[in-house]
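Engineer:
Number of protein chains: 4
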Amino acid sequence: MIIAMKPGVSREEIKKFAAELEKQGVKIDFSHGASQTVLGLVGDTSAINDEALRVNRLVEKVIRVQEPYKKANRLFHPADTVLDLPTTGKRAMIGGGAFGVIAGPCSVESREQIVLVASAVKKAGAAFLRGGAFKPRTSPYSFQGMGCAGLDLLVEAKKETGLPIVTELMEISQLELFEDVDVIQVGARNMQNFNLLKELGHSRKPVLLKRGLASTMTELLMAAEYVMAGGNDRIVLCERGIRSFDSFTRNTLDLAIIPALKKKTHLPVIVDPSHATGIAAMVPAMSKAAIAAGADGIIVEVHNDPEHALCDGEQSLTPDSFSELMNTLRKYAAIEGKTI
Amino acid sequence: MIIAMKPGVSREEIKKFAAELEKQGVKIDFSHGASQTVLGLVGDTSAINDEALRVNRLVEKVIRVQEPYKKANRLFHPADTVLDLPTTGKRAMIGGGAFGVIAGPCSVESREQIVLVASAVKKAGAAFLRGGAFKPRTSPYSFQGMGCAGLDLLVEAKKETGLPIVTELMEISQLELFEDVDVIQVGARNMQNFNLLKELGHSRKPVLLKRGLASTMTELLMAAEYVMAGGNDRIVLCERGIRSFDSFTRNTLDLAIIPALKKKTHLPVIVDPSHATGIAAMVPAMSKAAIAAGADGIIVEVHNDPEHALCDGEQSLTPDSFSELMNTLRKYAAIEGKTI
Amino acid sequence: MIIAMKPGVSREEIKKFAAELEKQGVKIDFSHGASQTVLGLVGDTSAINDEALRVNRLVEKVIRVQEPYKKANRLFHPADTVLDLPTTGKRAMIGGGAFGVIAGPCSVESREQIVLVASAVKKAGAAFLRGGAFKPRTSPYSFQGMGCAGLDLLVEAKKETGLPIVTELMEISQLELFEDVDVIQVGARNMQNFNLLKELGHSRKPVLLKRGLASTMTELLMAAEYVMAGGNDRIVLCERGIRSFDSFTRNTLDLAIIPALKKKTHLPVIVDPSHATGIAAMVPAMSKAAIAAGADGIIVEVHNDPEHALCDGEQSLTPDSFSELMNTLRKYAAIEGKTI
Amino acid sequence: MIIAMKPGVSREEIKKFAAELEKQGVKIDFSHGASQTVLGLVGDTSAINDEALRVNRLVEKVIRVQEPYKKANRLFHPADTVLDLPTTGKRAMIGGGAFGVIAGPCSVESREQIVLVASAVKKAGAAFLRGGAFKPRTSPYSFQGMGCAGLDLLVEAKKETGLPIVTELMEISQLELFEDVDVIQVGARNMQNFNLLKELGHSRKPVLLKRGLASTMTELLMAAEYVMAGGNDRIVLCERGIRSFDSFTRNTLDLAIIPALKKKTHLPVIVDPSHATGIAAMVPAMSKAAIAAGADGIIVEVHNDPEHALCDGEQSLTPDSFSELMNTLRKYAAIEGKTI
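From first to last, the protein sequence lines stand for chains L, G, A and U. For what it's worth, my numbering labels the leading residue of the first sequence as 1, then goes sequentially. For what it's worth, my numbering labels the leading residue of the second sequence as 1, then goes sequentially. For what it's worth, my numbering labels the leading residue of the third sequence as 1, then goes sequentially. For what it's worth, my numbering labels the leading residue of the fourth sequence as 1, then goes sequentially.
1. What does the alpha-carbon distance come out to for the pair isoleucine 165 of chain A and glutamate 20 of chain A?
2. By Cβ distance, which residues of its chain are closer than 8 Å to isoleucine 14 of chain U, with the 5 residues on each side in sequence left out?
3. What residue range does the beta strand (DSSP E) around threonine 167 of chain U cover?
4. Taking all protein chains shown into account, do 16 or more other C-beta atoms lie within 10 angstroms of the C-beta of glutamate 176 of chain A, making it buried, or fewer, making it exposed?
5. Quick test of the definition: if touching needs 3 or more C-beta pairs under 8 Å, does the segment 169 to 184 of chain A touch the segment 239 to 259 of chain U?
6. Got a sec? Which residues, its chain only, sit under 6 Å from asparagine 73 of chain U by beta carbon, not counting five neighbours each side?
7. Taking the C-alpha atoms as reference points, what is the distance between alanine 292 of chain L and glutamine 24 of chain A?
8. Compare the beta carbon distance of leucine 209 of chain G and valine 186 of chain G with 7 Å and say whether it is the shorter of the two.
9. Tell me, to the nearest whole angstrom, how far the beta carbon of phenylalanine 128 of chain G is from that of valine 183 of chain G; I am working on the premise that it is less than 8 Å.
10. For the segment 224 to 232 of chain U against the segment 232 to 251 of chain G, are there 3 or more C-beta pairs whose distance is under 8 Å?
11. According to DSSP, is methionine 5 of chain G helix, strand or coil?
12. On the three-state DSSP scale, how would you describe aspartate 248 of chain U?
13. For aspartate 320 of chain L, which of helix, strand or coil comes out of DSSP?
14. Would alanine 295 of chain G pass as a contact of isoleucine 279 of chain G if the rule is Cβ separation under 7 Å?
15. Verify the CB distance criterion: does lysine 331 of chain L have a CB-CB separation below 7 Å to chain A?
16. Closest Cβ-Cβ distance between alanine 260 of chain A and chain U: below 7 Å?
17. Taking Cβ positions, are asparagine 49 of chain G and glutamate 307 of chain L nearer each other than 7 Å?
18. In the DSSP assignment, what are the bridge partners of lysine 61 of chain A?
19. For chain L, find out if any of its Cβ atoms is closer than 7 Å to the Cβ of glutamate 314 of chain G; answer yes or no.
20. So, for glycine 43 of chain G: in the same chain, excluding its five sequence neighbours on each side, which residues have a beta-carbon less than 8 Å away from its beta-carbon?
21. Can you name the residues of chain A whose CB is closer than 7 Å to the CB of isoleucine 242 of chain L?
22. Just to confirm before moving on: does the CB-CB distance between leucine 213 of chain G and alanine 188 of chain G stay below 7 Å?
23. Where does asparagine 195 of chain G land, buried or exposed, given buried means 16+ other C-beta within 10 angstroms?
24. Could you spell out where the beta strand (DSSP E) holding serine 31 of chain A opens and where it closes?
25. Give the straight-line distance between the Cα atoms of methionine 282 of chain U and leucine 329 of chain U, rounded to the nearest whole angstrom.
26. Using DSSP with H/G/I as helix, E/B as strand and the rest coil, what is lysine 123 of chain G?
27. Starting from isoleucine 298 of chain A and walking both ways along the beta strand (DSSP E), at which residues does that stretch end?
28. Since lysine 264 of chain A sits in a beta bridge, which residues does DSSP pair it with?
29. Does the separation of the CB atoms of isoleucine 102 of chain U and isoleucine 299 of chain U fall below 7 Å?
30. For isoleucine 184 of chain A, which residues does DSSP report across the bridge?
31. By the DSSP assignment, the alpha helix (DSSP H) with phenylalanine 194 of chain A in it spans what residues?
32. Starting from alanine 285 of chain A, trace the alpha helix (DSSP H) both ways and give me its first and last residue.
33. For aspartate 312 of chain L, I'd like the list of residues in its chain whose CB is within less than 7 Å of its CB, leaving aside the five on either flank, ordered along the chain.
34. When the distance is taken between beta carbons, is asparagine 304 of chain G closer than 7 Å to valine 117 of chain G?
35. I'd like to know if isoleucine 257 of chain L contacts chain U, where contact means its C-beta is closer than 7 Å to some C-beta of that chain.
36. Would a C-beta distance cut-off of 7 Å place alanine 276 of chain U and arginine 243 of chain U closer than the cut-off?
What follows is the structure, given as structure tokens:
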């Protein structure tokens with residue numbers, strides 16, 4: 001930790017200030033410049049209260065050299081974390097050389113619909129089935145999902161196809177309903193719902209953690225750290241577009257976070273091109289770009305009849321266009337030495 | 001609702017498309033341009049599924065002319081909503097000509113601290129006491145608030161001073177603990193926690209709803225609509241800074257939302273200059289700007305000893321500087337014809 | 001063009017208002033809703049002054065259905081525009097199935113440097129040489145480029161290698177110095193330097209137009225329209241990262257603009273992964289993502305000795321890493337049916 | 001300057017690296033932590049090439065403790081800079097206790113219009129006349145200003161009223177036409193037109209420098225530094241709204257930059273509420289907020305007939321509403337101890 005003192009603070013004052021800090025168990029190195037002095041704190045600085053320092057009248061700037069996350073930090077865990085679920089059929093993996101594809105409708109609408117889509121995406125090569133039962137909607141007057149009935153239908157689709165299911169949890173009290181769910185999705189709007197994250201830390205279920213609309217990379221990793229601090233380290237990070245000043249797409253897909261995350265963390269990273277763009281015609285281009293940028297997978301919306309979807313039809317691929325995309329992605333995966 | 005058809009769609013196709021729509025109970029007016037046709041839908045369009053329309057292969061653009069919120073809309077409720085709590089002493093009001101000041105520490109830290117600060121802010125003219133018991137923190141390793149014990153201390157401070165208390169609720173299950181709380185705060189990160197909003201719709205407590213870091217004005221009003229749809233219309237909106245590209249302040253305080261909200265909604269609007277800037281020295285300037293811009297109040301952090309605060313000391317005023325600010329704000333209020 | 005009248009405006013007033021508009025040569029269709037009336041203007045609306053309409057006391061909203069650009073609009077020019085420069089060696093193309101690679105150092109530093117880098121990038125397969133002579137720098141105290149001497153060295157490198165040269169013009173008066181330059185680059189900060197754009201409209205040189213840091217897609221196309229309105233339609237658009245709230249990369253590369261631009265315009269689109277990320281290690285991932293997303297080329301910084309570069313060494317590839325990247329890009333191009 | 005070495009770099013390597021740096025005339029203090037070493041550079045670090053350091057394979061982070069601007073820095077020039085123009089009538093001042101109001105139409109449209117508006121704003125208390133002769137417009141098909149004829153009319157209005165004139169320069173070659181202009185405005189889109197800034201550094205005219213749409217506070221100060229580096233220190237900074245994700249106003253007015261700039265620089269700071277909001281009805285609220293936040297003045301658009309303005313009528317006050325605003329601002333100025 002580095003502390004730049006304000007210009008004009010006397011050596012005497014700095015000495016006293018440093019003595020106080022050293023009582024907290026750190027060693028201090030001094031660098032006296034012409035207009036100001038800089039302190040380098042060595043040792044365990046995790047107990048030092050940055051905020052108190054920043055408000056100190058002698059201090060100009062406090063800079064932490066180390067990242068604030070530990071369990072998610074690749075520095076301390078160099079090996080890649082891989083999600084690898086036991087299945088009866090094809091291995092359901094994300095990371096470790098596997099490009100995991102999660103596909104399915106925005107919301108579960110009926111037994112016919114979810115089984116039909118599940119079978120189609122399985123045939124095309126998806127390793128996981130997605131589908132929303134509880135839906136976060138901007139308007140209280142929009143369709144809010146089928147709820148528990150939707151969860152039941154997802155489980156039926158899983159039985160029919162063998163695909164593990166990924167679905168979104170909206171609040172802690174729903175957790176008991178998620179027993180048969182394979183991967184719990186935390187949506188972008190809940191990325192900093194800290195109580196929910198803590199609770200998931202005590203769960204044994206893998207968590208798909210979506211980046212918030214205006215969350216920095218560090219905040220995403222701190223959200224993962226919340227879950228990991230509770231003991232659950234089976235986390236998949238998901239870039240799904242951030243909010244920027246332009247609106248030709250629903251959000252701005254920030255693909256550079258993939259190589260950036262790969263450097264900072266050992267957790268697998270996937271991309272959601274459907275929510276990022278909001279436009280079905282752009283999903284193939286952005287899916288290819290995701291694998292090219294180094295992603296470990298994608299989560300894609302597929303609907304048998306997008307024109308009549310109850311939710312997000314604009315961004316849904318048809319089973320045919322999804323199948324075509326998968327064929328192209330296999331060629332990309334081959335170049336990158338990955339399997340789909 | 002207006003629908004622009006794609007260039008080149010035939011009159012025949014448009015006729016069929018319109019006939020389908022008319023089955024949903026709307027009347028359609030046609031405007032045939034040289035390169036494309038525009039449809040104006042008249043009648044109750046609330047049942048029309050925009051999303052399905054947008055994905056229709058014949059449609060280029062769908063534009064809703066009316067705002068998507070009804071209960072929060074000033075068009076249908078021209079008179080200002082005012083928060084006016086019964087108290088033993090000074091009236092605790094926000095709106096209706098009252099500039100309501102909510103003040104107190106970021107977190108409750110001890111009985112002494114909260115009572116001391118409560119008394120000081122009351123003396124200076126605050127109408128409400130704020131204080132966090134449950135704290136949303138970016139890091140799992142930071143102080144998370146005193147929890148229930150903090151709530152109890154707030155209630156004690158209320159007993160001592162008569163000030164109604166405002167504190168943040170982080171999840172639905174905490175609601176039963178909030179019986180003695182006067183105003184429930186929904187934090188920026190929970191502005192789109194829709195289940196929480198629905199639950200608060202069934203509560204009879206006033207809600208202080210903070211704008212999310214990257215939420216549009218319309219989304220803020222839709223969040224209020226969620227609560228109001230449940231029957232609770234005692235809502236105070238709060239601008240607390242949005243995320244922009246610059247970082248000289250913690251967030252970017254968007255004061256123009258005050259006159260904009262005043263036009264769109266009847267709900268009162270306050271400003272949080274402490275979280276918006278994150279810098280105590282800027283709080284007075286931004287508080288004055290808030291009243292000048294038309295706000296109905298402010299929520300300000302005050303701490304008896306900012307250098308030793310467990311949280312957000314950087315942005316806390318001392319009781320003395322708060323008192324000085326209140327004196328200036330009274331002069332501003334006089335110009336604006338408001339009372340503090 | 002669509003005009004939504006304010007709620008409560010009388011039929012009488014609307015009639016008068018519409019009569020005024022019709023004097024400007026348009027035909028008006030009316031759609032009378034319960035709370036407001038919507039007007040559809042048919043005919044040539046280009047002369048109608050939107051701004052005056054918006055300020056009219058009877059008007060709530062004015063919506064233009066058609067895009068404000070004509071010459072850049074794919075609707076009126078369906079066929080792709082391709083940049084194809086005559087060269088003595090390999091064809092220098094961008095678009096039309098060619099993935100054009102522009103490579104070279106941030107700034108020209110010496111004869112040895114530019115010739116060495118030019119030869120290396122040519123050998124690796126680049127079709128154009130880039131290099132800055134006039135450099136826009138944030139600080140007046142930073143290296144500002146070699147100026148005219150730099151241009152001369154670029155021309156020498158062109159003679160040695162046959163590669164057409166791409167370099168940045170910073171102001172109109174420099175135009176006469178650019179006679180031997182093949183493609184004139186307009187930097188992100190000059191994207192809305194309208195006088196410069198107008199001047200380039202009268203030039204016969206191709207223009208590489210970089211998207212501004214905070215420019216919308218429509219503004220980028222309007223900037224192109226400025227050049228095209230003057231008669232010069234040889235324009236290449238370039239996405240180079242926008243400013244967002246996060247800072248793990250220098251800017252946020254917005255790759256979804258590629259399919260979006262491809263739909264809206266016939267102009268070729270390339271990507272600058274070097275400036276977008278500012279980090280050499282991320283350039284390969286983002287270059288691959290660019291071709292996967294449908295780009296017609298990239299512009300990449302290559303320096304023989306990044307540690308001693310006078311400018312932007314952080315984001316420069318070495319000739320070896322560039323050559324390796326080109327080998328991978330050829331595989332991607334093969335999948336996409338493009339040539340490098 | 002502080003350099004954090006990468007974790008794992010050996011003491012030996014650090015020693016060599018530091019020895020190289022010391023050759024550039026700095027002294028180095030070492031702080032050896034458990035996982036990495038931090039270097040503190042003391043002495044004149046202005047010649048050190050940050051960029052080369054950042055790309056060095058041993059270096060993790062480079063942090064400059066001091067601001068990169070010198071002449072604009074309040075640390076080295078504590079006293080406020082004040083703009084104070086000689087006039088025949090009322091003093092035309094910005095800063096130093098004077099709240100300077102610049103008012104006038106977006107564009108000069110005719111002799112009658114400019115003289116009428118000039119007289120009206122003078123009567124209401126404005127100290128400067130604004131008016132555009134050369135207009136930067138997003139579309140090549142919009143009105144581009146009257147050009148030289150507009151300048152002549154401004155000079156006539158100045159003769160009639162005695163008000164000094166403020167108008168925008170769009171390119172260097174126009175400078176010779178600006179002899180009778182009192183304050184040269186650099187628009188937001190030209191804030192980083194570095195050649196223009198350098199040229200203005202050699203001018204003796206005061207410069208009104210508008211913050212770019214996506215420029216940080218530091219970049220604004222660096223732009224001022226460009227002008228000051230050339231010897232011209234009569235600069236007025238202007239906040240005019242930044243681009244954010246929301247669109248209920250044209251831009252997002254960032255008023256917190258006023259106290260932030262006041263701390264960092266000695267230059268006066270004004271606000272443009274007209275361009276920031278784009279909505280006339282919001283201009284009074286934002287003007288009052290500007291003075292409350294500590295601004296030294298405002299620049300406001302006033303038009304005799306906004307409904308027929310050739311440009312930006314939506315955001316123009318009428319002379320009457322401007323006069324009313326001035327009356328309120330005088331009350332605010334009295335509280336703040338300023339004169340209008």
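By construction, the Cβ of each residue, glycine as well, lies at the ideal position given by its N, Cα and C atoms. Every value quoted in this text rests on a predicted model; they were computed, and no experiment measured them.
Structural biologist: With the structure as the only source:
1. Walking along the third sequence from the start, residue 165 of chain A turns up at place 165. Walking along the third sequence from the start, residue 20 of chain A turns up at place 20. So the alpha carbons of these two residues sit roughly 54 Å apart.
2. The residue labelled residue 14 of chain U in the question sits at position 14 within the fourth sequence. Met5, Phe30, Thr37, Leu39, Leu58.
3. Here residue 167 of chain U corresponds to residue number 167 of the fourth sequence, with the count starting at 1. 165 to 168 is the span of the beta strand (DSSP E), which, as asked, contains threonine 167 of chain U.
4. As a position in the third sequence, residue 176 of chain A is number 176, starting the count at 1. Taking a 10 Å sphere around the C-beta of glutamate 176 of chain A, we find fewer than 16 other C-beta atoms and assign the residue as exposed.
5. no
6. Taking the first residue of the fourth sequence as 1, we reach residue 73 of chain U at position 73. Result list for asparagine 73 of chain U: Glu67, in chain order.
7. Residue 292 of chain L sits at position 292 when you count from the first residue of the first sequence. Residue 24 of chain A sits at position 24 when you count from the first residue of the third sequence. So the two alpha carbons sit approximately 53 Å from each other.
8. Along the second sequence, read from residue 1 onward, the residue named residue 209 of chain G stands at position 209. Along the second sequence, read from residue 1 onward, the residue named residue 186 of chain G stands at position 186. Cβ distance < 7 Å, so leucine 209 of chain G and valine 186 of chain G count as in contact.
9. The residue labelled residue 128 of chain G in the question sits at position 128 within the second sequence. The residue labelled residue 183 of chain G in the question sits at position 183 within the second sequence. Indeed, because the Cβ distance is near 7 Å, the residues count as touching under 8 Å.
10. no
11. Here the question's residue 5 of chain G lines up with position 5 in the second sequence. It is a strand residue.
12. Locating residue 248 of chain U in the fourth sequence gives position 248, counting from the first residue. Checking the sequence, you will find phenylalanine at residue 248 of chain U rather than aspartate. Residue state for phenylalanine 248 of chain U is assigned as coil, using DSSP reduced to three classes.
13. Here the question's residue 320 of chain L lines up with position 320 in the first sequence. When secondary structure is reduced to three states using DSSP, aspartate 320 of chain L falls in the helix class.
14. Here the question's residue 295 of chain G lines up with position 295 in the second sequence. Here the question's residue 279 of chain G lines up with position 279 in the second sequence. Cβ distance not < 7 Å, so alanine 295 of chain G and isoleucine 279 of chain G don't count as in contact.
15. One-based indexing of the first sequence puts residue 331 of chain L at position 331. Residue contact with chain A for lysine 331 of chain L: present (Cβ-Cβ distance below 7 Å to some residue of chain A).
16. To locate residue 260 of chain A, count along the third sequence from 1; it is residue 260. No, because no Cβ of chain U sits closer than 7 Å to the Cβ of alanine 260 of chain A.
17. Residue numbering aside, residue 49 of chain G sits at position 49 when the second sequence is read from its first letter. Residue numbering aside, residue 307 of chain L sits at position 307 when the first sequence is read from its first letter. The answer is no: Cβ separation not under 7 Å.
18. Position 61 of the third sequence, counted from the start, is the residue given in the question as residue 61 of chain A. According to DSSP, which records beta bridges pairwise, lysine 61 of chain A is partnered with A:Ala4.
19. Locating residue 314 of chain G in the second sequence gives position 314, counting from the first residue. Closer than 7 Å: yes.
20. Locating residue 43 of chain G in the second sequence gives position 43, counting from the first residue. Non-local beta-carbon contacts of glycine 43 of chain G in its own chain, meaning distances under 8 Å to residues more than five positions away in sequence, involve Gly25, Val26, Lys27 in chain order.
21. In the first sequence, residue 242 of chain L corresponds to position 242, counting from 1. Ser244, listed in chain order.
22. Numbered from 1 along the second sequence, position 213 holds the residue referred to as residue 213 of chain G. Numbered from 1 along the second sequence, position 188 holds the residue referred to as residue 188 of chain G. Yes, the pair counts as a contact, with Cβ atoms nearer than the cut-off.
23. By one-based count along the second sequence, residue 195 of chain G stands at place 195. Burial call: buried.
24. Translated into the one-based positions of the third sequence, residue 31 of chain A becomes position 31. Start and end: 27 to 32.
25. Position 282 of the fourth sequence holds residue 282 of chain U. Position 329 of the fourth sequence holds residue 329 of chain U. Their backbone Cα atoms lie some 15 Å apart in a straight line.
26. In the second sequence, counting from the first residue as 1, residue 123 of chain G sits at position 123. In this structure, lysine 123 of chain G counts as helix in the three-state DSSP scheme.
27. Numbered from 1 along the third sequence, position 298 holds the residue referred to as residue 298 of chain A. Where isoleucine 298 of chain A is concerned, the enclosing beta strand (DSSP E) stretches over 297 to 301.
28. Against the third sequence, residue 264 of chain A aligns to sequence position 264. Lysine 264 of chain A is not bridged to any residue.
29. Start at 1 with the first residue of the fourth sequence, and residue 102 of chain U comes out as number 102. Start at 1 with the first residue of the fourth sequence, and residue 299 of chain U comes out as number 299. Going by C-beta atoms, isoleucine 102 of chain U is nearer than 7 Å to isoleucine 299 of chain U.
30. Reading the third sequence from its first residue, position 184 is the one you call residue 184 of chain A. DSSP output for isoleucine 184 of chain A lists A:Thr167, A:Val207 as bridge partner(s).
31. Here residue 194 of chain A refers to the residue found at position 194 when the third sequence is read from its first residue. 194 to 201 is the extent of the alpha helix (DSSP H) around phenylalanine 194 of chain A.
32. Here residue 285 of chain A is taken as the residue at index 285 of the third sequence, counted from 1. Residues 283 to 292.
33. Here residue 312 of chain L is taken as the residue at index 312 of the first sequence, counted from 1. Cβ neighbours of aspartate 312 of chain L beyond the five flanking positions: Cys106, Glu301.
34. One-based indexing of the second sequence puts residue 117 of chain G at position 117. One-based indexing of the second sequence puts residue 304 of chain G at position 304. Yes, these two residues count as a Cβ contact at 7 Å.
35. Mapped onto the first sequence, residue 257 of chain L falls at position 257. Taking Cβ atoms only, chain U never reaches closer than 7 Å to isoleucine 257 of chain L, which makes this a no.
36. As a first step, residue 276 of chain U must be located in the fourth sequence, where it is residue number 276. As a first step, residue 243 of chain U must be located in the fourth sequence, where it is residue number 243. Not closer than 7 Å, so no.
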